[in-house]
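Asks: Residue numbering for the sequence shown follows UniProt numbering, starting at 1 and increasing by one per position.
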Amino acid sequence: MPNSTIADVENQDTEVTTNDERRAATGQKTGFAHKLYTGQLTYQFIPHRKRWYVVTAVIILVALGGLIFRGLNLGIDFRGGVEFRANVSATSASADDIRRAVLDTGLPELDGTQVVELGSDQVQIQTRALDSSEVTTLKKGIAKASGSSESSVTYSKVGSQWGSQITKKAVQALVVFLVLVMLLIWAYFREWKMSVTAMLGLLNNLIVTLGVYALVGFAFTPATLIGMLTILGYSLYDTVVVFDKVRELTRDLDRSPYTYDEAVNRALNQVFVRSVNTTIIGVLPVAALLFTGVFILGSGPLQDLGMALFVGMLAGGYSSIFVATPLLTEFRRNERVVKDHDAKVLRRRTKEEKAADRTRSRSQESGAGESASSADDAADGAGMPPSSSVAREAAESSTSSASSARPQPRRMTRSQRKK
Numbered sequence: 001m002p003n004s005t006i007a008d009v010e011n012q013d014t015e016v017t018t019n020d021e022r023r024a025a026t027g028q029k030t031g032f033a034h035k036l037y038t039g040q041l042t043y044q045f046i047p048h049r050k051r052w053y054v055v056t057a058v059i060i061l062v063a064l065g066g067l068i069f070r071g072l073n074l075g076i077d078f079r080g081g082v083e084f085r086a087n088v089s090a091t092s093a094s095a096d097d098i099r100r101a102v103l104d105t106g107l108p109e110l111d112g113t114q115v116v117e118l119g120s121d122q123v124q125i126q127t128r129a130l131d132s133s134e135v136t137t138l139k140k141g142i143a144k145a146s147g148s149s150e151s152s153v154t155y156s157k158v159g160s161q162w163g164s165q166i167t168k169k170a171v172q173a174l175v176v177f178l179v180l181v182m183l184l185i186w187a188y189f190r191e192w193k194m195s196v197t198a199m200l201g202l203l204n205n206l207i208v209t210l211g212v213y214a215l216v217g218f219a220f221t222p223a224t225l226i227g228m229l230t231i232l233g234y235s236l237y238d239t240v241v242v243f244d245k246v247r248e249l250t251r252d253l254d255r256s257p258y259t260y261d262e263a264v265n266r267a268l269n270q271v272f273v274r275s276v277n278t279t280i281i282g283v284l285p286v287a288a289l290l291f292t293g294v295f296i297l298g299s300g301p302l303q304d305l306g307m308a309l310f311v312g313m314l315a316g317g318y319s320s321i322f323v324a325t326p327l328l329t330e331f332r333r334n335e336r337v338v339k340d341h342d343a344k345v346l347r348r349r350t351k352e353e354k355a356a357d358r359t360r361s362r363s364q365e366s367g368a369g370e371s372a373s374s375a376d377d378a379a380d381g382a383g384m385p386p387s388s389s390v391a392r393e394a395a396e397s398s399t400s401s402a403s404s405a406r407p408q409p410r411r412m413t414r415s416q417r418k419k
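Pasting the structure below:
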């Protein structure tokens, strides 16, 4: 890569400004959104990284607050409970009707009951763990609301031990996934710091997604767990794309005219539009899935999966640009190679700035001399004495005047001298 000078950078900035003015004069779009989607965006991601650290810290604190003070609404598969199914074809009762009937039984701690419509003629009710008398009471209430016989209302008990086994297996799968991903990224980039920062980005996604589930009160079910594992893969893909561009622009760092932070910032600007577009394209169908699960079906696996994918994709796109990559610069800034290169670049720029200042000073002096010469030529053409001649005559006149002002010795006649 050829070495760039300060003058080259100034010329590039002038050219960009001129192009913007030309587009504005011709009525073309020059706004932020247009530059964003045409790849002309230049934003100082790395110099402004601290403000994004603050934003990320606030988001994580809110998510942790939701997890601590509200907690996850664990589904029946994780906490155990009783699942009822009833036919509602006789009364066409909705999920809300069945939910009200469950609450009207007067049994305690049924606020977290989940009712899902299975097709057009069946509903599924999931409650906390119940004893035999509570099961009988609840069956009567459901049968009355659905218009079916009590014997047609079926139920099954899910033990909490089975839910704890699922949780244990899920945690094991997550740990194995993270370890394999770290090894894969290290093998691909030959840089363990990229593996660590990528894992920190994934951890941010997990905390944010779990925090949103705690805040909105959606049930955490096996479908949610599947969605979270899916978004980890999606977020990892986006992070690898960004890191690959960073590696490309910092591979020959010793020949680069940019510091390490500047090279990473250029990489982020080059992939930012792609990352945003990829995230939007991925989120749109997931948003439709979430809308269907929440507003059409009411609840169920589709809602749980859609929420995990929706939040996770947004968090993954954010963390790749504003969390993982800035943290990579923090990890590498104190490396000997990076520090030496940055110092060399800054020294070269200082020399170029001094040389540019000297050239500018000589140009100004030369311009002043040419202006005086031009003024003399113009005066000579008009039949007037040149300004330089006038100045010399004025100086000579001033000198002679000063001489005449001094007291002169008295002259003596010849006869006086003879005496």
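Using N, Cα and C, we set each Cβ at its ideal position, and we do this for glycine too.
Within its chain, find whatever has a CB closer than 7 Å to the CB of residue 39; leave out the 5 residues flanking it on each side and keep chain order.
Replies: Legend: pLDDT at residue 39 = 49, less than 50; position of this residue unreliable, value from coordinates given subsequently. Cβ neighbours of residue 39 beyond the five flanking positions: 273.
Asks: Pull up the distance between the alpha-carbon of residue 171 and that of residue 349, whole angstroms please.
Replies: The alpha-carbon atoms of residue 171 and residue 349 are separated by roughly 52 Å.
Asks: Among all the DSSP beta bridges, which residues are the ones paired with residue 155?
Replies: BP columns for residue 155 point to 84.
Asks: Return the bridge partner residues of residue 74 from the DSSP annotation.
Replies: Answer by DSSP bridge pairing, in chain order: 220.
Asks: Taking the beta strand (DSSP E) that residue 259 falls in, what are its first and last residues?
Replies: Run containing residue 259: none; DSSP gives neither H nor E here.
Asks: If you follow the alpha helix (DSSP H) that residue 54 is in, where does it begin and where does it stop?
Replies: That run of the alpha helix (DSSP H) goes 49-69.
Asks: Quick check: what's the CA-CA separation for residue 344 versus residue 333?
Replies: Straight-line Cα distance between these residues: approximately 14 Å.
Asks: Let's test the definition: count the other Cβ atoms within 10 Å of the Cβ of residue 281 and tell me whether it reaches 16, buried, or not, exposed.
Replies: Per the 10 Å Cβ criterion, exposed.
Asks: Sort 93, 46, 116, 66 by Cα distance to residue 296 and report the nearest one.
Replies: Of the listed residues, the one whose Cα sits closest to residue 296 is 116.
Asks: Do residue 63 and residue 231 have their beta-carbon atoms positioned less than 7 Å apart in this structure?
Replies: Not in contact: residue 231 and residue 63 (Cβ atoms no closer than 7 Å).
Asks: Quick check on residue 127: does DSSP put it in helix, strand or coil?
Replies: In the structure shown, residue 127 sits in a strand (DSSP, three-state: E or B).
Asks: Determine the DSSP secondary structure at residue 114, reduced to helix, strand or coil.
Replies: In the structure shown, residue 114 sits in a strand (DSSP, three-state: E or B).
Asks: Report the CB separation of residue 283 from residue 314 in whole angstroms; it is logged as a contact under 8 Å.
Replies: Right, the Cβ-Cβ distance comes to about 7 Å (below 8 Å), so this counts as a contact.
Asks: Can at least three beta-carbon pairs, one atom from the segment 89-109 and one from the segment 140-156, be found at a separation below 8 Å?
Replies: These segments touch.
Asks: Tell me whether residue 165 sits in a helix, a strand or coil according to DSSP, three-state version.
Replies: It is helical.
Asks: Distance, Cα to Cα, residue 325 vs residue 70?
Replies: Each residue's Cα considered, the two are about 32 Å apart.
Asks: Exposed or buried, which one is residue 267 when buried takes at least 16 other CB atoms within 10 Å?
Replies: Buried is the call here.
Asks: Comparing alpha-carbon positions, which option in 131, 195, 97, 346 lies nearest residue 259?
Replies: Closest by alpha carbon: 346.
Asks: Just to confirm, is the Cβ distance from residue 471 to residue 173 under 7 Å?
Replies: In the structure as shown, the chain begins at 1 and stops at 419. Residue 471 is therefore absent and cannot be evaluated.
Asks: With a 10 Å radius around its C-beta and 16 neighbouring C-beta atoms as the bar for buried, classify residue 217 as buried or exposed.
Replies: Exposed: under 16 other Cβ atoms inside 10 Å.
Asks: Between residue 138 and residue 84, which are expected to be in contact by the criterion C-beta below 8 Å, what is the C-beta distance as a whole number of angstroms?
Replies: With a Cβ gap of about 7 Å, residue 138 and residue 84 count as contacting.
Asks: Whose CA, out of 57, 135, 322, 158, lies closest to the CA of residue 151?
Replies: Among 57, 135, 322, 158, the Cα nearest to that of residue 151 belongs to 135.
Asks: Residue 122 by DSSP, collapsed to three states: which one?
Replies: Of the three classes helix, strand and coil, the one that applies to residue 122 here is strand, per DSSP.
Asks: How many Å lie between residue 366 and residue 360 at the Cα?
Replies: Spanning the two alpha carbons is a distance of roughly 10 Å.
Asks: With 16 as the cutoff for other CB atoms within 10 Å, does residue 48 come out buried or exposed?
Replies: Counting Cβ neighbours within 10 Å, residue 48 comes out exposed, since fewer than 16 surround it.
Asks: Where does residue 323 land, buried or exposed, given buried means 16+ other C-beta within 10 angstroms?
Replies: Buried, since its Cβ has 16 or more Cβ neighbours within 10 Å.
Asks: Taking all protein chains shown into account, do 16 or more other C-beta atoms lie within 10 angstroms of the C-beta of residue 133, making it buried, or fewer, making it exposed?
Replies: With fewer than 16 other Cβ atoms within 10 Å, it is exposed.
Asks: What three-state label does DSSP hand residue 198 in the structure shown?
Replies: Three-state DSSP puts residue 198 in a helix.
Asks: Using CA coordinates, which residue listed in 56, 45, 320, 335 is at the minimum distance from residue 199?
Replies: Ranking 56, 45, 320, 335 by Cα distance to residue 199 puts 320 first.
Asks: Considering only their Cβ atoms, is the gap separating residue 312 from residue 204 smaller than 7 Å?
Replies: No, these two residues do not count as a Cβ contact at 7 Å.
Asks: Applying the criterion that 16 or more other CB atoms from any shown protein chain within 10 Å of the CB defines a buried residue, is residue 233 buried or exposed?
Replies: Label assigned to residue 233: exposed.
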